[in-house]
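Per my numbering, residue 160 is the first one in the sequence shown, and the count goes up by one each step. Just below is one structure, and these are the notes that go with it.
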Amino acid sequence: MINEGEKIILFDGVCNLCNSAINFIIKRDKKSIFRYASLQSEIGKKLIADRNIDISKIDSILLIDPKIAYYHKSTAALHIAKELSGLYPILSVFLILPKFFRDWIYDIVAKNRYKWFGKKESCMIPTAELKALFIDQ
Numbered sequence: 160m161i162n163e164g165e166k167i168i169l170f171d172g173v174c175n176l177c178n179s180a181i182n183f184i185i186k187r188d189k190k191s192i193f194r195y196a197s198l199q200s201e202i203g204k205k206l207i208a209d210r211n212i213d214i215s216k217i218d219s220i221l222l223i224d225p226k227i228a229y230y231h232k233s234t235a236a237l238h239i240a241k242e243l244s245g246l247y248p249i250l251s252v253f254l255i256l257p258k259f260f261r262d263w264i265y266d267i268v269a270k271n272r273y274k275w276f277g278k279k280e281s282c283m284i285p286t287a288e289l290k291a292l293f294i295d296q
């Protein structure tokens, strides 16, 4: 499924904000660390079940690091930023802020993401050149 050193990002495949975030990450993942799957896909559901994650309580992006476990909400976003090219790794400094505060801000955006950014009828279908990055294809 994935190679040594790779990490999996599970995202809401029908959320416009989430899809834009995945496209943003792909463009800046110069080391090709990340692989992607939607939360709604069979592999996404399996990865969630294997880790006993209650997705009804974690309505967010998930970063699965096979060596460590998983991260969600703001912690996932900041650990993803640490791996991107450019100045984005600097954002990981926000990990020093209390998780409850970071997640409070994250939850405001997550709760309103469909209203603010819209929703698709079905999950994103990657282009042929990006298909290898998606483990749910």
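Glycine included, C-beta positions come from ideal geometry on N, C-alpha and C. As the structure is a prediction and not an experimental result, all values here were calculated from the model.
Close beta carbons around arginine 187, own chain, < 8 Å, minus the five adjacent residues each side: Residue mapping note: residue 187 aligns to position 28 of the sequence shown, counting from 1. Only Leu243, Ser244, Gly245 and Tyr247 meet the Cβ criterion.
Does the segment 203-211 come close enough to the segment 257-265 to have 3 or more Cβ pairs within less than 8 Å? Using a Cβ-Cβ distance cut-off of 8 Å, the segment 203-211 and the segment 257-265 are not in contact, since fewer than three pairs of beta carbons, one from each stretch, lie closer than that value.
Do phenylalanine 276 and leucine 176 have their beta-carbon atoms positioned less than 7 Å apart in this structure? By 1-based counting over the sequence shown, the position of residue 176 is 17. By 1-based counting over the sequence shown, the position of residue 276 is 117. For leucine 176 and phenylalanine 276, yes; Cβs fall inside 7 Å.
Any idea which residues DSSP pairs histidine 231 with across the strands? Indexing the sequence shown from 1 puts residue 231 at position 72. Partner(s): Leu221.
Residue range of the alpha helix (DSSP H) that lysine 205 falls in? Working through the sequence shown from its first residue, we reach residue 205 at position 46. Per DSSP, the unbroken alpha helix (DSSP H) holding lysine 205 starts and ends at 201-209.
Would you kindly check if the distance between the Cβ of arginine 194 and the Cβ of isoleucine 267 is under 7 Å? For the purposes of this step, residue 267 is taken as residue 108 along the sequence shown, with counting starting at 1. For the purposes of this step, residue 194 is taken as residue 35 along the sequence shown, with counting starting at 1. No, the pair does not count as a contact, with Cβ atoms beyond the cut-off.
Smallest Cα separation from alanine 235: which of Asp262, Arg210, Asp209 and Asn211? Mapped onto the sequence shown, residue 235 falls at position 76. The option with the nearest alpha carbon to alanine 235 is Asp262.
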